[in-house]
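Working notes for the structure below.
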Amino acid sequence: MNAAPRDEASIHRTIEAVWRIESAKIIATVARMVRDVGLAEELAQDALVSALEQWPETGVPDNPAAWLTAVAKRRALDRLRHGQLAERKAIEIGRELDAQHEMAQDDFAEAVDAAIDDDIGDDLLRLVFTACHPVLSTEARVALTLRLMGGLTTDEIARAFLVPEATVAQRIVRAKRTLLEARVPFEVPRRHELEARLASVLEVLYLIFNEGYSATAGDDWMRPALCDEAMRLGRIVAELMPDASEVHGLVALMEIQGSRTAARVGPSGEPVLLLEQNRARWDQMLIRRGLAGLARAEALGGALGPYALQAAIAACHARARTAEETDWPRIAALYDALAQLSPSPVVELNRAVALSMAFGPAAGLDVVDALVGEPALQGYHLLSTVRGDLLFKLGRRDEARREFDRAAALTRNTREKTLLLARARACTLPER
Numbered sequence: 012m013n014a015a016p017r018d019e020a021s022i023h024r025t026i027e028a029v030w031r032i033e034s035a036k037i038i039a040t041v042a043r044m045v046r047d048v049g050l051a052e053e054l055a056q057d058a059l060v061s062a063l064e065q066w067p068e069t070g071v072p073d074n075p076a077a078w079l080t081a082v083a084k085r086r087a088l089d090r091l092r093h094g095q096l097a098e099r100k101a102i103e104i105g106r107e108l109d110a111q112h113e114m115a116q117d118d119f120a121e122a123v124d125a126a127i128d129d130d131i132g133d134d135l136l137r138l139v140f141t142a143c144h145p146v147l148s149t150e151a152r153v154a155l156t157l158r159l160m161g162g163l164t165t166d167e168i169a170r171a172f173l174v175p176e177a178t179v180a181q182r183i184v185r186a187k188r189t190l191l192e193a194r195v196p197f198e199v200p201r202r203h204e205l206e207a208r209l210a211s212v213l214e215v216l217y218l219i220f221n222e223g224y225s226a227t228a229g230d231d232w233m234r235p236a237l238c239d240e241a242m243r244l245g246r247i248v249a250e251l252m253p254d255a256s257e258v259h260g261l262v263a264l265m266e267i268q269g270s271r272t273a274a275r276v277g278p279s280g281e282p283v284l285l286l287e288q289n290r291a292r293w294d295q296m297l298i299r300r301g302l303a304g305l306a307r308a309e310a311l312g313g314a315l316g317p318y319a320l321q322a323a324i325a326a327c328h329a330r331a332r333t334a335e336e337t338d339w340p341r342i343a344a345l346y347d348a349l350a351q352l353s354p355s356p357v358v359e360l361n362r363a364v365a366l367s368m369a370f371g372p373a374a375g376l377d378v379v380d381a382l383v384g385e386p387a388l389q390g391y392h393l394l395s396t397v398r399g400d401l402l403f404k405l406g407r408r409d410e411a412r413r414e415f416d417r418a419a420a421l422t423r424n425t426r427e428k429t430l431l432l433a434r435a436r437a438c439t440l441p442e443r
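When we follow the numbering used here, the leftmost residue of the sequence shown carries the number 12, and every step to the right adds one.
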């Protein structure tokens, strides 16, 4: 039974929310039918357009995800029939959908739900590995998978990569065309091929997690559904490759960071920073899982990789009962190791924060000031945020205010902008 129609703006917000959460599953389900991720995304988008046209008149269906999936599958069937592709498969799917269509509405929703749940994990994993095929460049693999799996816009992906939006758009278009022309199969690769494609898969999953953990744009500080999806997919990859320490390191990192979700958002949806969080609200089950995953990565032997090192850093926070008990010298040492293993401006910025906490704000500011001219960080609001924080601690309040104002102007996230503007205003208050 459909909900009563509401105002169009409210319906559109609902559609956007459903699409954000369910688009990857819909695309994965359709891609299994048509064996073309570009076409699958197009057909899923067709279903989205249908919702935008119909739901303002008919109301939101009881199960909007099932409705969107059913429409996308029917579009796929039409395309298969019209193109005379996979005729036997088209007939089989057609009979199934025709039978579902004849059912009563409630029974139909139940049947579609079951169809969606069936093998959806495999479908999503196929989608990840197809988008991460070696025929594509690493940048294209990551961008395409974020687009398909995370439902992110090209703008959001561009900000995650710190590259122009036009560059990401070109990568995605070319990636879809390359996969189609190379006739890349929609499948999970054989075990001997998994390792070669693992690094880009892990990078994609962590970028999806990060978009959920600190949303690039919009009115919400977090998008927990993306964090949950990244963790779930990470666990699936860990089951496929139980002897790969970096897989367990990434899952551990995501779970330990994900444990803070409830504490990162205040009563009105405002951001709560790490050192101000109520640690009693941290999810202890996720922490235990994360620490166990880190122990498993360490037990597999060899030097820790980038994700396992970051998990070890997160574990320092998780083990501290209070912010004051945090072992900042150890965190700084771990960032030193990470900077040697995977040097990048962002790692260096995080290292600066650790140094400031361990050895004083002046030590951190020296590192941050060396990053000010870094091309990759131009327009990166966290550079100004960190610099503003360190300047504030050193009593250089006018400079700090300018940095917070600059950071606020650069961020696209409404909640983060409000926080940064409040910090800028605090710089004008009398010192206590």
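For glycine and all other residues, C-beta sits at the position ideal for the given N, C-alpha and C.
Inset, instruction - Starting from the C-beta of Ala125, find all residues in its chain whose C-beta is less than 6 Å away, skip the five residues before and the five after it, and write them out in chain order. - result: On the sequence shown, position 114 is the one that residue 125 refers to. Below a pLDDT of 50, predicted positions are generally treated as unreliable, and Ala125, at 44, falls in that range; the measurement from the model is reported next regardless. Hits under 6 Å: none found.
Inset, instruction - Assuming Ala55 contacts Ile32 (C-beta within less than 8 Å), just tell me the rounded distance between them. - result: The residue you call residue 55 lines up with position 44 of the sequence shown. The residue you call residue 32 lines up with position 21 of the sequence shown. About 13 Å; that fails the 8 Å criterion.
Legend entry - Between the CA atoms of Leu388 and Val357 - distance to the nearest angstrom: On the sequence shown, residue 357 is found 346 positions in, with the first residue counted as 1. On the sequence shown, residue 388 is found 377 positions in, with the first residue counted as 1. About 8 Å.
Legend entry - Neighbour-count burial assignment, Arg194, 16 or more Cβ in a 10 Å radius: Position 183 of the sequence shown holds residue 194. Burial call: exposed.
Inset, instruction - Measure the C-alpha to C-alpha separation of Lys404 and Leu286 and round it to an integer number of angstroms. - result: Position 393 of the sequence shown holds residue 404. Position 275 of the sequence shown holds residue 286. Distance between the alpha carbons of Lys404 and Leu286 is about 15 Å.
Inset, instruction - Answer yes if the segment 34–50 comes into contact with the segment 250–268, meaning at least three C-beta pairs across the two stretches below 8 Å, and no otherwise. - result: no
Inset, instruction - Decide if His203 is buried, meaning its Cβ has at least 16 other Cβ atoms within 10 Å, or exposed. - result: For this step, residue 203 is matched to residue 192 along the sequence shown. Exposed, by the Cβ-count rule.
Inset, instruction - Please list, in chain order, all residues of the same chain as Thr141 whose beta carbon is under 8 Å from its beta carbon, the five residues on each side excluded. - result: On the sequence shown, residue 141 is found 130 positions in, with the first residue counted as 1. Once the five neighbours on either side are set aside, the close Cβ partners of Thr141 are Ala42, Val48, Leu190, Val195, Pro196, Phe197 and Glu198.
Legend entry - Counted within 10 angstroms of its Cβ, other Cβ atoms place Asn289 as buried (16 or more) or exposed: Counting from one through the sequence shown, the residue named residue 289 turns up at place 278. Exposed, by the Cβ-count rule.
Legend entry - Expected contact under 8 Å - CB spacing of Ile267 and Ala326 to nearest Å: The residue you call residue 267 lines up with position 256 of the sequence shown. The residue you call residue 326 lines up with position 315 of the sequence shown. Going by Cβ atoms, the distance from Ile267 to Ala326 rounds to 6 Å, so yes, they are a contact pair.
Inset, instruction - Look at Val146 and Val212 and say whether their C-beta atoms are less than 8 Å apart. - result: For this step, residue 146 is matched to residue 135 along the sequence shown. For this step, residue 212 is matched to residue 201 along the sequence shown. The answer is no: Cβ separation not under 8 Å.
Inset, instruction - Identify whether Ala228 lies in helix, strand or coil by the three-state DSSP scheme. - result: Start at 1 with the first residue of the sequence shown, and residue 228 comes out as number 217. Reduced to three states, the DSSP call for Ala228 is strand.
Legend entry - First and last residue of the uninterrupted alpha helix (DSSP H) at Ala348: For the purposes of this step, residue 348 is identified with residue 337 of the sequence shown, where counting begins at 1. Here the alpha helix (DSSP H) through Ala348 covers Trp339 to Leu352.
Inset, instruction - Please list, in chain order, all residues of the same chain as Glu214 whose beta carbon is under 8 Å from its beta carbon, the five residues on each side excluded. - result: On the sequence shown, residue 214 is found 203 positions in, with the first residue counted as 1. Thr149 and Val153.
Inset, instruction - Just the C-alpha distance for Asp57 and Ala236, rounded to the nearest angstrom, thanks. - result: Locating residue 57 in the sequence shown gives position 46, where the first residue counts as 1. Locating residue 236 in the sequence shown gives position 225, where the first residue counts as 1. Straight-line Cα distance between these residues: approximately 23 Å.
Legend entry - According to DSSP, residues forming a beta bridge with Pro67: To locate residue 67, count along the sequence shown from 1; it is residue 56. Note: Pro67 sits in no beta bridge, so no partner.
Legend entry - Thr11 vs Asp133 beta-carbon contact at 8 Å: Since the first residue shown for the chain is 12 and the last is 443, residue 11 is missing from the structure and cannot be characterised.
Legend entry - the segment 256–265 in contact with the segment 307–326 per 3-pair CB rule at 8 Å: yes
Inset, instruction - At 4 residues or longer, and completely inside the segment 346–412: list those alpha helix (DSSP H) runs for me, N to C. - result: 356–370, 372–380 and 392–404
Inset, instruction - Mind checking who Asn424 pairs with in its DSSP beta bridge? - result: The residue given as residue 424 occupies position 413 in the sequence shown. In DSSP, Asn424 forms a bridge with Gly229.
Legend entry - Assumed close pair Gly301, Ser270 - CB separation to whole angstroms, cut-off 8 Å: One-based indexing of the sequence shown puts residue 301 at position 290. One-based indexing of the sequence shown puts residue 270 at position 259. Correct: roughly 7 Å between the Cβ atoms.
Inset, instruction - Give the single residue among Arg423, Gly406 and Leu432 whose Cα lies nearest to the Cα of Phe415. - result: The residue given as residue 415 occupies position 404 in the sequence shown. The residue with the shortest Cα to Cα distance from Phe415 is Leu432.
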